[in-house]
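There are 2 protein chains.
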Amino acid sequence: MTHPTPAAAPVSTRDRLLDAAAELFYREGVGVGIDALCRRAGVSKRSMYQLFGSKDEVVAASLDRMAPAYQALLLPPADDDRPPRARILHVFERLEKSAAEPDFRGCPFVAAAVEVKSPEHPASLVARRNKDALTAFFRREAERAGAADPALLARQLTIAFDGSSAQAVVQARGLDGLAVATAAALLDAAGLRARPED
Amino acid sequence: MTHPTPAAAPVSTRDRLLDAAAELFYREGVGVGIDALCRRAGVSKRSMYQLFGSKDEVVAASLDRMAPAYQALLLPPADDDRPPRARILHVFERLEKSAAEPDFRGCPFVAAAVEVKSPEHPASLVARRNKDALTAFFRREAERAGAADPALLARQLTIAFDGSSAQAVVQARGLDGLAVATAAALLDAAGLRARPED
DNA sequence: GTCACCGTAAACCGATCGGTTTCCCTCGCG
DNA sequence: CGCGAGGGAAACCGATCGGTTTACGGTGAC
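Heads up: the sequence lines are chains A and B, in that order.
Quick note on numbering: my numbering labels position 109 of the first sequence as 89, and the sequence is numbered without any gaps.
Quick note on numbering: my numbering labels position 111 of the second sequence as 91, and the sequence is numbered without any gaps.
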């Protein structure tokens, strides 16, 4: 490979725009104007409207772009061979850690879905898809652990996740073990103790 | 009593404004303009800025005004003499019922706090205060039921409440028993079975 | 060399933003 | 009857909204 991206372009215009969008929309809400966004991203409005048909599409695309990083932040590494219970609680430990930071504004997907209101908004579709991915992770681990109803447990854990996020946002302070404790209580209620016994 | 409110004034200007504000801000978000709000409320901007110093104060005041109705919708009546577990689950049954309606947009307090972003925004203070009221209800019932750690259980139940709300918003469909099941699981994990035995 | 492409800068559009001000009408009350 | 307060209608303010357009610059491929 020579240099298909000519070395003087460290990131594409599209990526620069979407990275700035993800950060701005998360920090200040999707209500920020496209002038402010393009100024921050160092991208002209012309380029933006060449890449995307509307601001709504930019919102959705920026959510989509930051999704892998968000999942990597929360989920345990693939080579983590701890038992399912530990892998599940890992997510809540990470949530508590990020919720303790002063610029925490809750789950970006939930925030976007709440702000745009419409369930048909492209950003809502992205949010739904990514919430499903988190639930799917929980379900796989619940299955591995031999839960009686893995799908139910997974949805309860997703509720604990989003509820903990909301709590941290409204109370404007860290969770102090509450998220982990709630997830653990749900695991206990489902009959999953520390020893998965398989 | 003669007629202190002169019969030709079914509701005050202030109440008309705040009722319209609560409905509009919930349905479309706090981003709606004051022109649209005043048009809907049948109140002039002049009157609005005489009653409130800024739009932010209107947002906070509208949340404050609808709070009693919201609590009445969720909490069991005072003369309900069912055991604590049933009174707690009552809240989640009501949540599921309202989440099934197509115009459900989640908890209005959480939505407002998420939208305004700033924890110091007057609306965030109102949201915090009202979330604390729900947690306080849970804690009172948990104490009555003899929970080992009523404060912890109450916060877990609040998490289940907000998480269920978020789930319904993101998935854009009803909860189908999930909220009640999650709350019940938390009650089970806390050792509170159907019989409070005191 | 030059041509085509990608991108920026900036003007421009009508509409709306939060907020202020002026004018006028309609009451209740003395 | 007169008067003052309350409140609606609407003009007005500068700024910004989402979105389009024109004009120009730099750069790689041929």
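Beta carbons: idealized from backbone N, C-alpha and C, even for Gly.
All values reported here derive from a predicted model rather than from experimental measurement.
Between residue 97 of chain A and chain B, is there a C-beta pair that is closer than 8 Å? By this cut-off, residue 97 of chain A is an interface position.
Cβ neighbour criterion (16 or more within 10 Å) applied to residue 98 of chain A: With fewer than 16 other Cβ atoms within 10 Å, it is exposed.
Classify residue 142 of chain A: buried if its beta carbon has 16 or more other beta carbons within 10 angstroms, exposed otherwise. Under this definition residue 142 of chain A is a buried residue.
Check the Cβ-Cβ distances between residue 111 of chain A and every residue of chain B, and say whether any is below 8 Å. Taking Cβ atoms only, chain B reaches closer than 8 Å to residue 111 of chain A, which makes this a yes.
Can you have a look at residue -17 of chain A and say buried or exposed, based on whether 16 or more other CB atoms are within 10 angstroms of its CB? Note that residue -17 of chain A scores a pLDDT of 36, beneath 50, so its modelled location is shaky and nothing firm can be said.
Whose CA, out of A:125, A:48, A:-1, A:169, lies closest to the CA of residue 39 of chain A? It is A:-1 whose Cα lies nearest to the Cα of residue 39 of chain A.
Inter-residue Cα distance where the pair is residue 147 of chain A and residue 138 of chain B: Between the C-alpha atoms of residue 147 of chain A and residue 138 of chain B there is a straight-line separation of about 8 Å.
In terms of alpha-carbon separation, which member of A:170, A:96, A:114 lies closest to residue 152 of chain B? The residue from A:170, A:96, A:114 with its alpha-carbon nearest to that of residue 152 of chain B is A:96.
Is it true that the CB of residue 65 of chain A sits closer than 8 Å to the CB of residue 172 of chain A? Residue 65 of chain A sits close to residue 172 of chain A, with the two beta carbons spaced by under 8 Å.
Taking the alpha carbon of residue 105 of chain B as the point to measure from, which residue in A:150, A:30, A:131 has its own alpha carbon closest? Out of A:150, A:30, A:131, A:150 has the C-alpha closest to the C-alpha of residue 105 of chain B.
According to a CB-to-CB cut-off of less than 7 Å, which residues of the segment 3 to 36 of chain B neighbour chain A? Close to chain A, meaning a Cβ-Cβ distance shorter than 7 Å, are the following residues of the segment 3 to 36 of chain B: 8, 9, 11.
Where does the unbroken alpha helix (DSSP H) through residue 24 of chain B begin, and where does it stop? Element bounds for residue 24 of chain B: n/a, residue is neither H nor E.
Minimum Cβ-Cβ distance from residue 52 of chain B to chain A less than 8 Å: No, because no Cβ of chain A sits closer than 8 Å to the Cβ of residue 52 of chain B.
Mind listing the chain B neighbours of residue 79 of chain A? Cutoff is C-beta to C-beta under 9 Å, in chain order. The contact set of residue 79 of chain A on chain B, defined by CB atoms closer than 9 Å, is empty, because the minimum CB distance reaches about 12 Å.
Do you know offhand how far residue 75 of chain A's Cα is from residue 159 of chain A's? The straight-line gap from Cα to Cα measures roughly 8 Å.
Does any residue of chain A bring its CB to less than 8 Å from the CB of residue 68 of chain B? At a cut-off of 8 Å, the C-beta of residue 68 of chain B has no neighbouring C-beta in chain A.
Using a C-beta cutoff of 8 Å, does residue 117 of chain B count as contacting chain A? No, residue 117 of chain B does not count as interfacial toward chain A.
Chain A contact residues for residue 166 of chain B, given Cβ-Cβ distances below 8 Å: What residue 166 of chain B touches in chain A: 162, 165, 166, 169.
Got a sec: which bits of the segment 123 to 141 of chain A sit with their beta carbon under 8 Å from any beta carbon on chain B, in order along the chain? Taking 8 Å as the Cβ-Cβ cut-off against chain B, the residues of the segment 123 to 141 of chain A that qualify are 132, 135, 136, 138, 139, 140, 141.
Looking at the C-beta of residue 248 of chain B, does it have a partner C-beta in chain A at a distance below 8 Å? For chain B, the structure presents residues -19 to 178; residue 248 of chain B sits outside this window and is missing.
Using only alpha-carbon positions, find the residue among B:31, B:168, B:37, B:22 that is nearest to residue 102 of chain B. Nearest Cα to residue 102 of chain B within the set B:31, B:168, B:37, B:22: B:37.
So, for residue -6 of chain B: in the same chain, excluding its five sequence neighbours on each side, which residues have a beta-carbon less than 7 Å away from its beta-carbon? Cβ within range, chain order: 31.
Apart from the five residues on each side of it in sequence, which residues of its chain come closer than 6 Å, Cβ to Cβ, to residue 56 of chain A? Closer than 6 Å at Cβ, skipping near neighbours: 67, 70.
CA-CA distance, residue 100 of chain A and residue 2 of chain B? Rounded to whole angstroms, residue 100 of chain A to residue 2 of chain B spans 23 Å at the Cα level.
Just how far apart, CA to CA, sit residue 12 of chain B and residue 46 of chain A? So the alpha carbons of these two residues sit roughly 28 Å apart.
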